[in-house]
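Trainee: Let me begin by handing over the structure; questions about it come next.
Number of protein chains: 4
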Amino acid sequence: MNPDQQIEANRPQRPRSVRARESVLAATDALLAAGGLAAATIDAISARSGVSKATIYKHWPSRTAVAAEAFGLRMASTLPLPDTGSARGDFGAQVRLVSEFYASPAGTVFAQLLAASVTDPEAATFFRTFFLAGRRQAIATMWQRGLDRGEVDAGIDVEVAQDILFGPLIFRLLTGHAPLTVEQADQIADAALRGLLTDAGRAVAARDQL
Amino acid sequence: MNPDQQIEANRPQRPRSVRARESVLAATDALLAAGGLAAATIDAISARSGVSKATIYKHWPSRTAVAAEAFGLRMASTLPLPDTGSARGDFGAQVRLVSEFYASPAGTVFAQLLAASVTDPEAATFFRTFFLAGRRQAIATMWQRGLDRGEVDAGIDVEVAQDILFGPLIFRLLTGHAPLTVEQADQIADAALRGLLTDAGRAVAARDQL
Amino acid sequence: MNPDQQIEANRPQRPRSVRARESVLAATDALLAAGGLAAATIDAISARSGVSKATIYKHWPSRTAVAAEAFGLRMASTLPLPDTGSARGDFGAQVRLVSEFYASPAGTVFAQLLAASVTDPEAATFFRTFFLAGRRQAIATMWQRGLDRGEVDAGIDVEVAQDILFGPLIFRLLTGHAPLTVEQADQIADAALRGLLTDAGRAVAARDQL
Amino acid sequence: MNPDQQIEANRPQRPRSVRARESVLAATDALLAAGGLAAATIDAISARSGVSKATIYKHWPSRTAVAAEAFGLRMASTLPLPDTGSARGDFGAQVRLVSEFYASPAGTVFAQLLAASVTDPEAATFFRTFFLAGRRQAIATMWQRGLDRGEVDAGIDVEVAQDILFGPLIFRLLTGHAPLTVEQADQIADAALRGLLTDAGRAVAARDQL
DNA sequence: GATTAAGCGAGACGGTACGTCACGTCTTCCG
DNA sequence: CGGAAGACGTGACGTACCGTCTCGCTTAATC
Chain A
998 MNPDQQIEAN RPQRPRSVRA RESVLAATDA LLAAGGLAAA TIDAISARSG
1048 VSKATIYKHW PSRTAVAAEA FGLRMASTLP LPDTGSARGD FGAQVRLVSE
1098 FYASPAGTVF AQLLAASVTD PEAATFFRTF FLAGRRQAIA TMWQRGLDRG
1148 EVDAGIDVEV AQDILFGPLI FRLLTGHAPL TVEQADQIAD AALRGLLTDA
1198 GRAVAARDQL
Chain B
998 MNPDQQIEAN RPQRPRSVRA RESVLAATDA LLAAGGLAAA TIDAISARSG
1048 VSKATIYKHW PSRTAVAAEA FGLRMASTLP LPDTGSARGD FGAQVRLVSE
1098 FYASPAGTVF AQLLAASVTD PEAATFFRTF FLAGRRQAIA TMWQRGLDRG
1148 EVDAGIDVEV AQDILFGPLI FRLLTGHAPL TVEQADQIAD AALRGLLTDA
1198 GRAVAARDQL
Chain C
998 MNPDQQIEAN RPQRPRSVRA RESVLAATDA LLAAGGLAAA TIDAISARSG
1048 VSKATIYKHW PSRTAVAAEA FGLRMASTLP LPDTGSARGD FGAQVRLVSE
1098 FYASPAGTVF AQLLAASVTD PEAATFFRTF FLAGRRQAIA TMWQRGLDRG
1148 EVDAGIDVEV AQDILFGPLI FRLLTGHAPL TVEQADQIAD AALRGLLTDA
1198 GRAVAARDQL
Chain D
998 MNPDQQIEAN RPQRPRSVRA RESVLAATDA LLAAGGLAAA TIDAISARSG
1048 VSKATIYKHW PSRTAVAAEA FGLRMASTLP LPDTGSARGD FGAQVRLVSE
1098 FYASPAGTVF AQLLAASVTD PEAATFFRTF FLAGRRQAIA TMWQRGLDRG
1148 EVDAGIDVEV AQDILFGPLI FRLLTGHAPL TVEQADQIAD AALRGLLTDA
1198 GRAVAARDQL
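Residue numbers (this note's numbering), protein chains in the order written: chain A, 998 to 1207; chain B, 998 to 1207; chain C, 998 to 1207; chain D, 998 to 1207.
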């Protein structure tokens, strides 16, 4: 019938609930890629996945939650954790990567999901779980590395650091008031990190000519 | 009939289109205050303002555009331009004010509008026009003041500066992953400004014990 | 597109509400004829008539109400008022006609509508209005004729008379416990009328060899 | 857990199928009494009885069939067979009793079941088996008594007699176009029996001042 | 008494229709 | 003749109950 159902046809022995979940997520992912969040209606997901609407609603609280999870799975595997040897290098690379992600078609979907989370608290939970949690973990790891090396300011909350680095990108993604190019990303990283690094951190960055 | 229509009853000589506009904006403002963006449906606005749906669509491209304009008018008068005598003081105060605004009920509506703008490009234009333009102007003024005094880094684009200062707030407003308290706002301003100020700017801040 | 919509295409100037109503009733009538009440779902009626579900629900309280009205219009033109010259003849003919109607495919739909009215009080009102009211009027006319001629018992309520004559047919229609043939109809009319006619009425019947 | 399951807890050694049947019927009976046929959904019956849906469908073809049987068991013990000594008395009493039954809450359920039988042929069989069969037997007995005494017209089929006596009640029960009071029941019985009794039957009735 | 196959509970599932909502368009008719 | 009033098509929503099915546990009958 359709590709997403076919995938499961080979594994009929799998528990029903698992099959249904995966089928839904695969279908949603495809719909998101094709037409953004607007295309991922429950009816469309149901039709494409072969899973009934009622069943979908048993697994997720809302359409946005489905989309958040589907998109989150895809994104998790997209963003690697940089390890350049310096805090400046790590965060600079990460800001670039995230900026590029936001500027890509997937970034649009990300923005749509974020927007939907504002209205729908249930979906907001999913959004935080499937996007921010992963990113936060990565940032925290890098931040800890920086702390261990004495390159980042121990007086700054990691949350604050994260928001200063990535908040600007989110801001631009949503309003489109300024571009999300690599150059801009570097400028943002530059200015932001100047406030986050220690003198030692800055020295390492200078040595590496960053 | 209803309050918003009454207001206009006293000025019958005004051109119809103007009356309709004002009536719609007043009604929308009231609805936004009462129930957020979700309550400001076109039907509700039409009913409350006494202006027909067709007429509303002659003046605005979409529901969100109406809401953006109505909310923008209210917000314009809300945020004063701080003038503390130092860049550190100015931006710190502004970040606090904006943070408090975001944390208020109006901030919720602001977030809803921002979210809606992601989906609706027409509304996005309105959003940028009625919100960001004003704020940008204010930030630019303060930034210029800082430049004139040599307190802010001339190598940093004012756009970048703005995004580093306010992007974190927007980020938190939208996802709710971290609080928007005064303390947090100060922490953000602290860390962000450390990257934006010159040594001179920092010196002034230290002198003022900020 | 489809036949029912085509009909209206020639009269676009007709008021909208009228067009919608007629289109819906025509589509419903066709669906009832084709598949009985079960086929006349709101979705199917909407699809076939080109009238949206929301609009249908603005005109009728429920699916059954639509079906009742559509079917009632058809039935109104189906059952003529017999005028044989005698009460015995009139009622006998009418019982036969109604019996034949019940035994026809339309009778099945009638039974389904009657059944639905039991559950749905809104529909019950429509049912009484579009079916029983017309029939009752006809029976009352014939009964009055009989009274004028002294052929029917003035002590019997016309409602009671009607129920004794047609209740048995309804009973059989619904439960199928006994057939609805012409012979059976005549037997029922015979036995029932023996209790309803006066001696004069019986004499007329005998004279006419009924 | 719940009352219907508790009953069975004392007899664990009973064959399962019997326990399941009784449990289902008890639960259904309770649901019918509480909320009519609409409340007796398979899910509700299953939940209340502790019998799984699959098992229910092994015993009955449809939801309506379950309800019909459950309700039939209750009704069987409700209607006694009158023996007043005269056909007029017997049938008059029976019409009254049935009319009262129809006017009671149980009558509503009866009507709902009858209505459901129109749509569902399987259930119709159950309906005829559990309701009409019993009544028919009773009527046949009384009719035979009347025949033996020469009080009822031997030329009239017992089926026809039954339908003339009770069809009117069914008719009123279903459409609600006329009331089901004792007075009305007597009027119907009067008029109907006038057509069914012999002169001898009428004489007996007159003597008894019926 | 141990084994095994059926019976059964629990409830997930696909399916169909429901009735509702708000959108943005379009028509009618009033002032 | 512009605008109020509101009917309308559209598309999606989230829910309800149906009848089927799958999964293991329980249990009764057999070995």
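Built from N, CA and C at the ideal position, the CB exists for glycine as well.
In chain order, what residues of the segment 1143-1171 of chain C put their CB closer than 8 Å to some CB of chain D?
Mentor: Listed by position along the chain: D1150, I1153, D1154, E1156, V1157, A1158, D1160, I1161, F1163, G1164, P1165, L1166, I1167, F1168, R1169 and L1171.
Trainee: State yes or no: is the beta carbon of D:G1069 nearer than 8 Å to at least one beta carbon in chain C?
Mentor: Output row for D:G1069: interface = no.
Trainee: Is the segment 1107-1117 of chain A touching the segment 1135-1145 of chain B in the sense that three or more CB pairs, one from each, lie closer than 8 Å?
Mentor: Contact between the segment 1135-1145 of chain B and the segment 1107-1117 of chain A is absent, because fewer than three Cβ pairs lie under 8 Å.
Trainee: With 8 Å set as the bound, which would you pick, yes or no: does the beta-carbon of D:T1038 sit closer than that to a beta-carbon of chain C?
Mentor: Chain C, which has no Cβ nearer than 8 Å to the Cβ of D:T1038, makes this no.
Trainee: Would C:Q1091 count as contacting chain D if we go by Cβ distances under 8 Å?
Mentor: No, because no Cβ of chain D sits closer than 8 Å to the Cβ of C:Q1091.
Trainee: Along chain B, in chain order, which residues have C-beta atoms closer than 9 Å to that of A:S1114?
Mentor: In chain order: A1112, L1171, T1172 and G1173.
Trainee: Classify A:L1129 as helix, strand or coil using the three-state DSSP reduction.
Mentor: Correct three-state label for A:L1129: helix.
Trainee: Let me know if B:Q1141 comes out buried or exposed under the rule of 16 or more other beta-carbons within 10 Å of its beta-carbon.
Mentor: Exposed, because fewer than 16 other Cβ atoms sit within 10 Å of the Cβ of B:Q1141.
Trainee: First and last residue of the alpha helix (DSSP H) that includes B:I1161?
Mentor: Run containing B:I1161: V1155 to T1172, per the alpha helix (DSSP H) assignment.
Trainee: Taking the DSSP output, what are the residues bridged to B:L1194?
Mentor: Answer by DSSP bridge pairing, in chain order: B:V1149.
Trainee: Output, in chain order, the set of chain A residues within a Cβ distance shorter than 9 Å of B:L1094.
Mentor: None at all; the shortest Cβ gap to chain A is about 17 Å.
Trainee: For B:V1201, collect the residues of the same chain with a Cβ closer than 7 Å to its Cβ; drop the 5 residues on either side in sequence, then sort them by chain order.
Mentor: These residues qualify, in order along the chain: S1083, R1085 and E1148.
Trainee: For the alpha helix (DSSP H) containing C:G1033, name the first residue and the last one.
Mentor: Here the alpha helix (DSSP H) through C:G1033 covers R1013 to A1036.
Trainee: Of all the CB atoms in chain A, is at least one closer than 8 Å to the CB of B:F1124?
Mentor: It does; some Cβ of chain A falls within 8 Å.
Trainee: Within the same chain, show all residues whose beta-carbon is closer than 6 Å to that of B:M1139, passing over the 5 residues directly before and after it, in chain order.
Mentor: Once the five neighbours on either side are set aside, the close Cβ partners of B:M1139 are D1087.
Trainee: In terms of residues, what are the limits of the alpha helix (DSSP H) holding B:L1094?
Mentor: Note, B:L1094: alpha helix (DSSP H), A1084 to A1100.
Trainee: If you draw a straight line from the alpha carbon of A:F1068 to that of B:Y1099, how long is it in whole angstroms?
Mentor: Roughly 28 Å separates the two Cα atoms.
Trainee: CB-CB under 7 Å to B:P1238, same chain, minus the five flanking residues each way: which ones, in chain order?
Mentor: Here chain B comprises residues numbered 998 to 1207, so residue 1238 of chain B is not present and cannot be evaluated.
Trainee: Using beta carbons (cut-off 8 Å, strictly below), is A:L1190 in contact with chain B?
Mentor: Closer than 8 Å to some Cβ of chain B, the Cβ of A:L1190 qualifies, so yes.
Trainee: Does the beta carbon of B:Q1109 sit closer than 8 Å to a beta carbon anywhere in chain A?
Mentor: So, interface residue.
Trainee: Count the other C-beta atoms from every protein chain shown that fall within 10 angstroms of the C-beta of C:A1065, then say buried if there are 16 or more, exposed otherwise.
Mentor: By the neighbour-count rule (16 or more Cβ atoms within 10 Å), C:A1065 is buried.
Trainee: Of all the CB atoms in chain C, is at least one closer than 8 Å to the CB of D:A1062?
Mentor: Judged by the 8 Å Cβ criterion, D:A1062 is not in contact with chain C.
Trainee: Give the interface partners of A:I1185 over in chain B, defined as CB-CB distance under 8 Å, in chain order.
Mentor: Correct list: V1157, D1160 and I1161.
Trainee: Is it true that the segment 1180-1196 of chain A meets the segment 1013-1027 of chain B, where meeting means three or more beta-carbon pairs spaced less than 8 Å apart?
Mentor: These segments do not touch.
Trainee: Do you know whose CA, among B:P1176, B:A1024, B:T1195 and B:A1188, lies nearest B:S1101's CA?
Mentor: Comparing Cα positions, the closest option is B:P1176.
Trainee: Just confirm the distance between the C-beta atoms of C:L1110 and C:T1178, as a whole number of angstroms; I'd bet it's less than 8 Å.
Mentor: 23 Å between Cβ atoms; not a contact.
Trainee: Chain A beta carbons: is any one of them nearer than 8 Å to that of B:A1024?
Mentor: No, no contact with chain A.
Trainee: Examine chain D for any beta-carbon lying closer than 8 Å to the beta-carbon of C:R1204, and answer yes or no.
Mentor: For C:R1204, the answer is no, since every Cβ of chain D falls outside 8 Å of its Cβ.
Trainee: In whole angstroms, what separates the C-alpha of C:P1000 from that of D:T1195?
Mentor: Note that C:P1000 scores 46 on pLDDT, short of 50, meaning its location in the model is unreliable; the coordinates nonetheless yield the value given after this. Approximately 58 Å between the Cα atoms of the pair.
Trainee: Hey, A:A1090 and B:V1157: beta-carbon distance below 8 Å or not?
Mentor: No, these two residues do not count as a Cβ contact at 8 Å.
Trainee: Going by beta-carbon coordinates alone, are B:T1172 and A:L1129 separated by less than 8 Å?
Mentor: Going by C-beta atoms, B:T1172 is nearer than 8 Å to A:L1129.
Trainee: How would you call D:S1020, buried or exposed, if buried means at least 16 neighbouring beta carbons within 10 angstroms?
Mentor: Buried: at least 16 other Cβ atoms inside 10 Å.
Trainee: Rounded to whole angstroms, what's the CA-CA distance from D:G1192 to C:R1191? Just pull it up for me.
Mentor: Looking at the two C-alpha atoms, the distance is approximately 4 Å.
Trainee: Expressed to the nearest angstrom, what Euclidean distance is found between the alpha-carbon atoms of B:R1169 and A:A1121?
Mentor: B:R1169 and A:A1121: Cα-Cα distance of roughly 12 Å.
Trainee: What does D:A1035 reach in chain C if we use C-beta pairs closer than 9 Å?
Mentor: What D:A1035 touches in chain C: T1116.
Trainee: Please list, in chain order, the chain B residues whose beta carbon lies closer than 8 Å to that of A:A1120.
Mentor: Result: empty, since nearest Cβ-Cβ is about 11 Å, beyond 8 Å.
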